[in-house]
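Asks: In order, the protein sequences belong to chains A and B. Numbered by the numbering used here, the letters in the first sequence go through residues 35 to 372 in order. Numbered by the numbering used here, the letters in the second sequence go through residues 35 to 372 in order.
There are 2 protein chains.
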Amino acid sequence: MSERSNIKDVSALAGVSIKTVSRVLNGHRYVSTDTKERVEKAMQELGFRPSVAARILAGTKSGQIALIYDNHSPYYMNQIQMGCWEACQQNGSRLLAQPVDVADPLVGEQVRGLVTETHVDGIVLSSPVTDCVPVLKALEGMDIPFVRISPGTNHAMTSSVFMDDAQAADDMTSYLIARGHRHIGFVKGHSNHMASEERLFGYRRALDRAGLPFEPALIAPGEFDFDSGVAAAQRFLKGKRRPTAIFASNDDMAAGVLSVAHDMGLGVPDDLSVVGFDDTMVARMVWPQLTTIRQPTRELAHAATQLLLEGAQATHRRLPHDLIERASVARINPDLLS
Amino acid sequence: MSERSNIKDVSALAGVSIKTVSRVLNGHRYVSTDTKERVEKAMQELGFRPSVAARILAGTKSGQIALIYDNHSPYYMNQIQMGCWEACQQNGSRLLAQPVDVADPLVGEQVRGLVTETHVDGIVLSSPVTDCVPVLKALEGMDIPFVRISPGTNHAMTSSVFMDDAQAADDMTSYLIARGHRHIGFVKGHSNHMASEERLFGYRRALDRAGLPFEPALIAPGEFDFDSGVAAAQRFLKGKRRPTAIFASNDDMAAGVLSVAHDMGLGVPDDLSVVGFDDTMVARMVWPQLTTIRQPTRELAHAATQLLLEGAQATHRRLPHDLIERASVARINPDLLS
DNA sequence: CTGTTAGCGCATTCAA
DNA sequence: TTGAATGCGCTAACAG
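1) Could you tell me how far apart the beta carbons of Asp155/B and Ser96/B are, in whole angstroms, since I believe they sit closer than 8 angstroms?
2) Can you check which of these residues, Ala335/A, Cys122/A and Thr314/A, is closest to Ile327/A by C-alpha distance?
3) Could you please give the first and the last residue of the uninterrupted beta strand (DSSP E) stretch that includes Phe258/B?
4) Specify the secondary structure class of His296/B as computed by DSSP and reduced to three states.
5) Any Cβ of chain B within less than 7 angstroms of the Cβ of Val141/A?
6) Where do the ends of the beta strand (DSSP E) carrying Gln132/B lie?
7) Name the DSSP bridge partner or partners of Thr326/B?
8) Please identify the residue among Glu143/A, Leu306/A, Leu91/A and Phe82/A whose C-alpha is closest to the C-alpha of His153/A.
9) Rounded to a whole number of angstroms, what is the C-alpha to C-alpha distance between Ala295/B and Leu170/A?
10) May I ask you to report which of helix, strand or coil DSSP gives Gly219/B?
11) With distance defined between alpha-carbon atoms, name the residue in Leu341/A, Phe82/A and Met228/A nearest to Pro162/A.
12) Considering only residues of the stretch 146-232 of chain B, which uninterrupted alpha helix (DSSP H) runs meet the minimum length of 4 residues and lie entirely inside it, listed in chain order?
13) Out of Gln115/A, Pro108/A, Gly117/A and Gly345/A, point me to the one whose CA is closest to Gln113/B's CA.
14) So, are the CB atoms of Arg233/A and Ala203/A less than 7 angstroms apart?
15) Could you compute how far the alpha carbon of Leu389/B sits from the alpha carbon of Asn60/A?
16) For the stretch 342-354 of chain B against the stretch 236-248 of chain B, are there 3 or more C-beta pairs whose distance is under 8 angstroms?
17) Using 10 angstroms around the beta-carbon of Val167/B, count the other beta-carbons present and answer buried if the total reaches 16, otherwise exposed.
18) Could you name the residues of chain A that Gly147/B contacts, counting a contact when the two beta carbons are closer than 7 angstroms?
19) Please classify Glu359/B as buried or exposed, where buried requires at least 16 neighbouring CB atoms within 10 angstroms.
20) In chain order, what are the residue ranges of uninterrupted beta strand (DSSP E) at least 3 long that sit wholly in the stretch 261-290 of chain B?
21) Who are the Cβ neighbours of Val145/A in its own chain at under 6 angstroms, not counting the five residues just before and after it?
22) If you check the beta carbons only, do Asp286/B and Phe260/B fall under 7 angstroms apart?
23) Considering only C-alpha positions, which residue in the set Arg275/B, Gly301/B and Arg182/B is nearest to Met197/B?
24) Grab me the residues of Asn105/A's own chain with a C-beta within less than 8 angstroms of its C-beta, minus the 5 sequence neighbours each way, in chain order.
25) With burial defined as no fewer than 16 other Cβ atoms inside 10 Å of the residue's Cβ, what is the status of Asn226/A: buried or exposed?
26) Quick check: what's the CA-CA separation for Ser45/B versus Thr54/B?
27) For Tyr103/B, which beta-bridge partners are listed by DSSP?
28) Measuring only the C-alpha atoms, how far is Lys383/A from Pro354/A?
29) Is Ser51/A buried or exposed, if buried means 16 or more other CB atoms sit within 10 Å of its CB?
30) What are the complete alpha helix (DSSP H) segments, minimum 4 residues, inside the stretch 46-93 of chain B?
31) Beta strand (DSSP E) containing Arg352/B: first to last residue?
32) Determine the chain B residues that contact His106/A at a beta-carbon separation under 8 angstroms, and present them in chain order.
33) Assign Thr67/B to buried or exposed, taking buried as 16 or more other Cβ atoms, counted over all protein chains shown, within 10 Å of its Cβ.
34) If I measure Cβ to Cβ from Thr187/B and keep anything under 7 angstroms in the same chain, skipping five residues before and after, which residues do I get?
35) Using the beta-carbon count (16 or more within 10 Å), is Gly299/A buried or exposed?
In structure tokens, the structure reads:
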């Protein structure tokens with residue numbers, strides 16, 4: 035019941051040549067329906083499974099792709115993996131998930147090793163590996179297709195998949211404006227990241243469109259971490275002209291803002307609305323009172339993988355985002371609105 | 035710079051036979067230090083990496099193992115993957131992470147396909163695949179070694195790695211007793227899971243040792259989900275002889291308990307201590323006031339993988355747990371202690 | 001539509 | 001301590 039059967043066994047049982055078996059295996063046309071069925075029955079009976087190793091060695095494609103990542107948040111990575119996985123499933127490909135350390139001086143070599151050892155047909159890069167120069171260089175030097183998910187910098191000649199950060203920030207800002215907010219604090223993200231500027235741009239664009247002034251005092255710097263949110267909130271909330279809402283560029287910073295608000299005895303969202311981007315995917319679990327822009331992480335991963343499997347060259351795909359509204363955020367203390 | 039070089043190129047450059055290169059590749063003894071160095075230098079120069087495919091085809095081991103899982107919580111899975119990954123790194127093996135759907139009637143076939151197609155040398159099973167009969171059967175029928183991480187049922191003849199649930203529950207209960215609690219509600223886990231009985235047993239053992247009576251009224255059934263925690267808390271907290279502490283068998287149920295306590299205006303931990311097991315690894319993020327037993331998930335995965343790679347037969351390894359104490363839990367309202 | 005002949009890159013006999 | 005031959009299971013030309 036457990037002997038490994040090979041293509042020869044199948045061909046013998048079906049009474050055809052091994053090449054014919056190979057043909058039905060690869061879904062080749064020019065196989066009569068009759069023999070095809072016979073071969074398939076034989077494969078079934080023997081529980082035949084083609085050895086990937088042999089296919090790699092003999093053929094040109096391995097049917098395998100790799101996902102390379104470095105610990106982003108577990109929730110985020112889970113979404114990424116699932117998205118890639120689903121796309122692979124649909125395509126009949128295998129996925130090799132490979133964690134790396136982008137700070138390791140040998141990452142480039144490691145990736146090169148992975149590719150030459152496993153013969154993967156392509157690579158999906160997830161943040162922050164998307165912007166790891168040694169990896170990018172290694173890949174480019176090897177002539178292997180790769181796609182980047184939400185890259186932080188724009189390498190024109192590589193394929194990528196991303197969301198429209200400017201539009202998302204615009205949507206969120208408009209959302210707040212529509213609810214009566216006129217003074218909206220904005221906590222900016224790390225300047226290394228392309229998304230930071232985009233999000234700020236969207237915020238400004240929404241203010242503009244609504245005819246509201248852009249007040250530099252309402253912009254705080256940040257680095258996408260909890261402490262940045264704390265610092266920003268302290269600055270905003272201890273001033274006399276307190277914003278009625280704070281828009282943090284990601285969820286970790288939003289959490290920092292929330293904690294300060296809480297310490298100051300401010301009710302959220304009654305005294306202060308706090309909104310953000312759900313970058314690490316934890317926001318909705320931990321702070322249900324938060325209205326967030328959901329990054330379509332899983333969909334991005336899926337699209338990236340599909341792109342890779344389809345072999346499209348230097349394609350950039352922009353995916354839509356979601357604004358996840360919490361009922362609670364709408365309850366704003368009217369006294370605070372100016 | 036990117037041509038794939040093979041063992042022949044190396045042998046030519048080093049001026050030795052193919053076989054000798056193969057020997058140094060596999061760390062074989064009986065190679066003179068001199069030639070070994072020469073070969074290694076040649077490999078370096080050519081950027082040579084052995085093709086796994088060729089090794090699989092020609093040899094008997096693939097140097098690959100698979101981790102099979104079904105969506106547990108992302109945090110949990112992240113720990114599992116990292117643990118397996120680290121062990122593989124140390125061993126120079128590759129890890130194939132394979133999600134499956136245990137409810138799919140074809141899981142068995144899928145796993146069989148994975149094994150025969152990829153030639154993996156062994157399998158690590160993570161909950162709930164540890165108890166998926168079709169998978170277990172497929173594996174046993176294929177004569178491939180596998181190790182189970184925290185299995186729910188005890189298949190005597192398979193290797194497994196787990197924590198001591200009884201001792202952990204005992205520790206937690208003793209911890210509460212030491213802080214003055216005399217009436218401790220216990221929310222039991224799903225009866226399908228071996229850990230449920232173990233944890234209850236540990237709870238009872240601690241009470242016994244402290245000379246406290248076991249009160250059946252203080253035991254509530256549960257199914258490891260939020261709602262079970264809610265139901266149990268309602269029963270406990272609406273009765274007249276309210277427990278001063280509630281010990282939930284996992285964190286989802288602890289969350290349910292917390293939500294009820296909150297709705298009833300009970301301060302945690304001032305009016306009620308709530309403790310639990312950190313099964314899904316989210317507890318510490320979401321409810322910092324919770325004192326929990328941390329499952330050594332990563333360590334379990336590491337140990338399981340090591341076991342597999344070492345080829346130990348039918349070994350069972352028990353790992354120690356941690357009790358993660360929050361300062362807050364110690365502040366108990368003395369009025370509530372009887 | 002189908003079969004024949006070569007290898008893919010390595011480990012594994014055997015021999016030296 | 002080393003080398004020469006053989007074949008793993010499959011696909012890729014080429015035939016027919």
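Glycine included, C-beta positions come from ideal geometry on N, C-alpha and C.
Replies: The structure says:
1) 6 angstroms
2) Thr314/A
3) Looking at the DSSP string, Phe258/B is not in any beta strand (DSSP E), and its letter there is neither H nor E.
4) helix
5) no
6) Arg128 to Pro133
7) Gly310/B and Ile358/B
8) Leu91/A
9) 52 angstroms
10) strand
11) Met228/A
12) 167-176 and 199-212
13) Pro108/A
14) yes
15) It is not possible to answer for residue 389/B, since the shown part of chain B is limited to 35 through 372.
16) no
17) exposed
18) Arg83
19) exposed
20) 279-282
21) Val169 and Ala172
22) yes
23) Arg182/B
24) Met111 and Pro133
25) exposed
26) 8 angstroms
27) Pro133/B
28) In this structure chain A extends from 35 to 372, so residue 383/A is not present and cannot be described.
29) exposed
30) 52-59, 67-80 and 86-92
31) His350 to Leu353
32) Simply none; closest approach about 10 angstroms.
33) exposed
34) Asp165 and Met228
35) exposed
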